[in-house]
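Undergrad: Numbering (the working numbering), first residue to last: 62 to 397.
Every residue gets a Cβ at the ideal spot worked out from N, C-alpha and C, and that includes glycine.
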Ligand code: NAD
Ligand code: TDX
């Protein structure tokens, strides 16, 4: 099987590439990634042992000529992970989000059509459904009601993908997953931010009252679900992915501090994120019943391994948490 993966140097894309290379000896992957601040080739060190089965191309998914040239020899499928993915950054400036997440998806869809690519998988998010109160869960039938510029750009991309199925009969699938955690997550996101700040005895900035709820899933369980959807999903369908694991933010932060034997006095309640979604909870029963997926990594074990991974890969995140990252950090957290 020949695949083109976009955004394969990011957190989830790199985990997916490593999983596919390891699981299927006949899989060959072209990885198109712009290496923005969030992309890191070091995430794919372990791909070196697979030689030419993984080919990295630095480039932009909005670059139509480049995408066309890469699709000349017709991969079997394109899996689109490439995105601007951080909600807070989309609040500071949404232009890159619209460019990559919306325009980039359109460029990929058109190129796939021109070159007769058999399958297109769009990696989307639970955030397109908006926010829940204390009750209920998101099913695939929920209306799209995004609240952040990031979520709005992902919802727009989902609608474009859907339209290429309805209008052109393209074989497309959309996966919508809840919050991921695990190795190689960029330390701007809640879990790695709190782990790395705690190691440095820096403050842990908790937004609002800390009682917003996210539904956490280990990145490897997410990647297994994408693999199943790619191979067995029904064309035109949307699949929710989630592990039924709702946790308030403050509980996660306290758990990390306890695990690292750091004091709770490091917690700093800061000004809330504007438009902060209160609660996400995914109903993934379609994926479970139709494709036989279920999560394998329980949260306690997954978190222990993740904290250990960040402790053992201090060089990886210390390099990231310098330079350009600090400029963002100081700007976003200045009045928080
Ligand atoms: P990430 O920010 O870690 O990685 C994004 C990757 O895309 C980076 O390697 C970056 O260099 C690349 N990229 C950005 N713009 C590009 C462009 N114009 N052309 C080519 N490459 C570009 O993101 P992630 O957390 O790995 O998320 C991957 C996908 O999964 C995203 O589409 C995101 O919306 C979705 N998702 C993420 C989560 C989560 O919890 N992280 C949950 C559900 C869905
Ligand atoms: O400093 C912080 N303090 C804090 O309290 C940060 C960075 C976050 N938070 C809160 C906000 C959220 O309630 O923690 C929760 C998780 O925040 P993020 O890690 O930024 O994730 P979230 O906004 O939930 O979005 C994530 O899940 C869905 C990913 O970043 C998206 O790419 C994915 O689509």
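#1: For a test of your reading of the model: does the CB of residue 237 fall under 8 Å from any non-hydrogen atom of the ligand NAD? Yes or no.
#2: Closest to residue 288 by CA distance: which of 263, 147, 182, 70 is it?
#3: Quick check: the region 153 to 162 against the region 295 to 314, are there 3 or more CB pairs under 8 Å?
#4: Kindly say whether residue 85, judged by its beta-carbon, lies nearer than 9 Å to any beta-carbon of chain B.
#5: Determine the direct distance from the alpha carbon of residue 71 to that of residue 237, and round the result to whole angstroms.
#6: Got a sec: does the ligand NAD put a non-hydrogen atom nearer than 8 Å to the Cβ of residue 358?
#7: Go ahead and label residue 151 buried or exposed: buried means 16 or more other beta carbons lie within 10 angstroms of its beta carbon, across all protein chains shown.
#8: Within 10 Å of its beta-carbon, does residue 77 have 16 or more other beta-carbons around it, so buried, or fewer, so exposed?
#9: What's the C-alpha gap between residue 325 and residue 336?
#10: Just to confirm, is the Cβ distance from residue 185 to residue 148 under 9 Å?
#11: On the three-state DSSP scale, how would you describe residue 395?
#12: Exposed or buried, residue 75, counting other C-beta atoms within 10 Å across all chains shown (16 or more means buried)?
#13: Can you check which of these residues, 173, 217, 129, is closest to residue 230 by C-alpha distance?
#14: With a CB to CB cut of under 8 Å and the five nearest residues on each side skipped, what residues in its chain are close to residue 164?
#15: For residue 274, which residues of its own chain have a beta-carbon under 6 Å away from its beta-carbon, when the five flanking residues on both sides are left out?
#16: Is the beta carbon of residue 67 closer than 9 Å to that of residue 139?
#17: Under 8 Å: does the beta carbon of residue 334 sit that close to some heavy atom of the ligand TDX?
#18: Beta-carbon within less than 8 Å of residue 194's beta-carbon, same chain only, minus the 5 sequence neighbours each way: which residues are those?
#19: When we look at the beta-carbon of residue 219 and count the other beta-carbons within 10 Å, is it buried (16 or more) or exposed?
#20: For residue 113, which of 126, 125, 323, 90 has the nearest alpha-carbon?
#21: Would you say residue 162 touches the ligand NAD, meaning its beta carbon is less than 8 Å from a heavy atom?
#22: Would you identify the three-state DSSP class for residue 298, choosing helix, strand or coil?
#23: Between residue 127 and the rest of its own chain, which residues show a CB-CB distance below 6 Å, the 5 nearest in sequence each way excluded?
#24: How is the beta strand (DSSP E) around residue 268 delimited, first residue to last?
#25: DSSP three-state call for residue 343: helix, strand or coil?
#26: Can you check which of these residues, 203, 221, 234, 332, is closest to residue 267 by C-alpha distance?
TA: Quick look at the numbers:
#1: It does: the Cβ of residue 237 is within 8 Å (strictly closer) of some heavy atom of the ligand NAD.
#2: Closest by alpha carbon: 182.
#3: They do not touch, by the three-pair rule.
#4: Absent from the structure: chain B. Only one protein chain is present.
#5: Going by the C-alpha atoms only, they are around 17 Å apart.
#6: Checking the Cβ of residue 358 against the ligand NAD gives no.
#7: Looking at its Cβ environment, which holds 16 or more other Cβ atoms inside 10 Å, residue 151 is buried.
#8: So residue 77 counts as buried.
#9: In this structure, the CA atom of residue 325 is about 27 Å from the CA atom of residue 336.
#10: With respect to residue 148, residue 185 sits apart: the two C-beta atoms are not nearer than 9 Å.
#11: Coil, per DSSP.
#12: Under this definition residue 75 is a buried residue.
#13: Residue 230 has its Cα closest to that of 173, out of 173, 217, 129.
#14: So the list reads 123, once near-sequence residues are dropped.
#15: Once the five neighbours on either side are set aside, the close Cβ partners of residue 274 are 307, 309, 340.
#16: Taking 9 Å as the Cβ cut-off, residue 139 and residue 67 qualify as a contacting pair.
#17: Because some heavy atom of the ligand TDX lies under 8 Å away, the Cβ of residue 334 counts as near it: yes.
#18: Excluding sequence positions up to five before and after residue 194, its CB lies within less than 8 Å of the CB of 339, 340, all in the same chain and listed in chain order.
#19: By the 10 Å Cβ count, residue 219 comes out buried.
#20: Nearest C-alpha to residue 113 among 126, 125, 323, 90: 90.
#21: Checking the Cβ of residue 162 against the ligand NAD gives yes.
#22: The answer is coil: DSSP assigns residue 298 none of H, G, I, E or B.
#23: Same-chain partners within the cutoff: 120.
#24: According to the DSSP assignment, residue 268 belongs to the beta strand (DSSP E) that extends over 265 to 268.
#25: Residue state, collapsed to three classes: strand.
#26: Out of 203, 221, 234, 332, 332 has the C-alpha closest to the C-alpha of residue 267.
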